[in-house]
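*Asks:* Numbering (the numbering used here), first residue to last: 4 to 37. The beta carbon of each residue, even a glycine, is placed where N, CA and C say it ideally should be.
What follows is the structure, encoded as structure tokens:
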């Protein structure tokens with residue numbers, strides 16, 4: 004359970020850190036493939 008909480012927290016931090024970059028890449032991908 005502790006490992007799951009630590010993993011979830013780490014994923015949350017990474018997601019928040021890369022949120023803007025992922026959003027931009029996602030938009031470019033949608034524009035390129037759409």
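#1: Can you give the Cα-Cα distance for residue 4 and residue 16, rounded to whole angstroms?
#2: Pull up the distance between the alpha-carbon of residue 21 and that of residue 10, whole angstroms please.
#3: If you draw a straight line from the C-alpha of residue 34 to the C-alpha of residue 26, how long is it?
#4: In terms of residues, what are the limits of the alpha helix (DSSP H) holding residue 34?
*Replies:* Let's see:
#1: When only Cα atoms are considered, residue 4 and residue 16 end up about 18 Å apart.
#2: So the two alpha carbons sit approximately 16 Å from each other.
#3: Roughly 12 Å separates the two Cα atoms.
#4: Taken as a continuous stretch (DSSP letters only), the alpha helix (DSSP H) holding residue 34 covers 5 to 36.
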